[in-house]
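Report on one structure; see the data block that follows.
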Amino acid sequence: MKLTGEKISLRAIEPQDIDLLYQWENDTENWTVSNTQTPFSRFVLEQYIATAHEDIYSVKQLRLIICDPENKAIGSIDLFDFEPNHLRAGIGILIADKTDRKKGYASEALSLLTNYCFFSLNLHQIYCNITTDNETSILLFQKHGFQITGIKKQWIRDGDKYKDELILQLVR
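Each number in our numbering comes from the position in the sequence shown (counting from 1) with 45 added on.
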């Protein structure tokens, strides 16, 4: 299965991605949506990259780099909490630079990864967790058939406030 669309392609993480991952993972604007509270060291990210080739069945996750038409890395899309017994996984997407957003890149990446999940990994369902104030992401996932199936009240602390988090699922 090709992980190439009209506007973007998805590829495996390469060692030369270390600077991008270091930048993306340590951008505090991304921490609320990624449940991160502390910076990642370059050493930890290098170790992650060194094992990124391992099989999803053993590491229970997969990160792919989203590349634009000029093959420039613009973000990543992740499978996490992969459950081969229950045939499900979570999905997360990051388009790092705000100038690359709203160009259809995330939508195409989600479409490509959804097909990969259902037709290569033979998953039964995929899901995501999105705070209720992230309307752009909610609309993106709903456009691809994900349905809101639950809400976790005051689930995410953001400074001195709490945000509700939606669970969206797509069942094959």
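Cβ coordinates follow ideal geometry from the N, Cα and C atoms, glycine included. For clarity, every value in this text was computed on a predicted model and none was experimentally measured.
Residues near residue i by beta carbon distance below 6 angstroms, same chain, minus five either side
i: Val216; result: Gln170
Residue i - DSSP class collapsed to helix/strand/coil
i: Leu48; result: coil
i: Ile63; result: helix
i: Ile53; result: coil
i: Asn167; result: coil
Distance between residue j and residue i (C-alpha atoms, nearest Å)
i: His189; j: Thr181; result: 13 angstroms
i: Tyr67; j: Ala118; result: 13 angstroms
i: Ile140; j: Thr176; result: 17 angstroms
i: Met46; j: Lys206; result: Caution applies to Met46, whose pLDDT of 48 falls short of 50 and renders its modelled position unreliable; the model cannot decide the point.
i: Phe125; j: Asp178; result: 22 angstroms
i: Glu153; j: Gln61; result: 24 angstroms
i: Asn174; j: Phe186; result: 10 angstroms
i: Glu115; j: Lys208; result: 37 angstroms
Residue i classed as buried or exposed, judged by whether at least 16 other C-beta atoms fall within 10 angstroms
i: Tyr150; result: buried
i: Leu158; result: buried
Other residues of its chain near residue i: CB distance less than 8 angstroms, five sequence neighbours each side excluded
i: Leu168; result: Leu132, Arg133, Ala134, Cys162 and Arg217
Same chain only: Cβ atoms within 7 angstroms of residue i, ignoring 5 sequence neighbours per side
i: Asp142; result: Ile119
Discussion item. Ignoring anything shorter than 3 residues, give me the beta strand (DSSP E) runs that lie fully in the region 176-215, in order along the chain.
Written reply: 192-203
Worksheet item: Of all the alpha helix (DSSP H) runs that stay within the bounds of the region 101-153, which reach a length of 4 or more residues?
Response: 101-104
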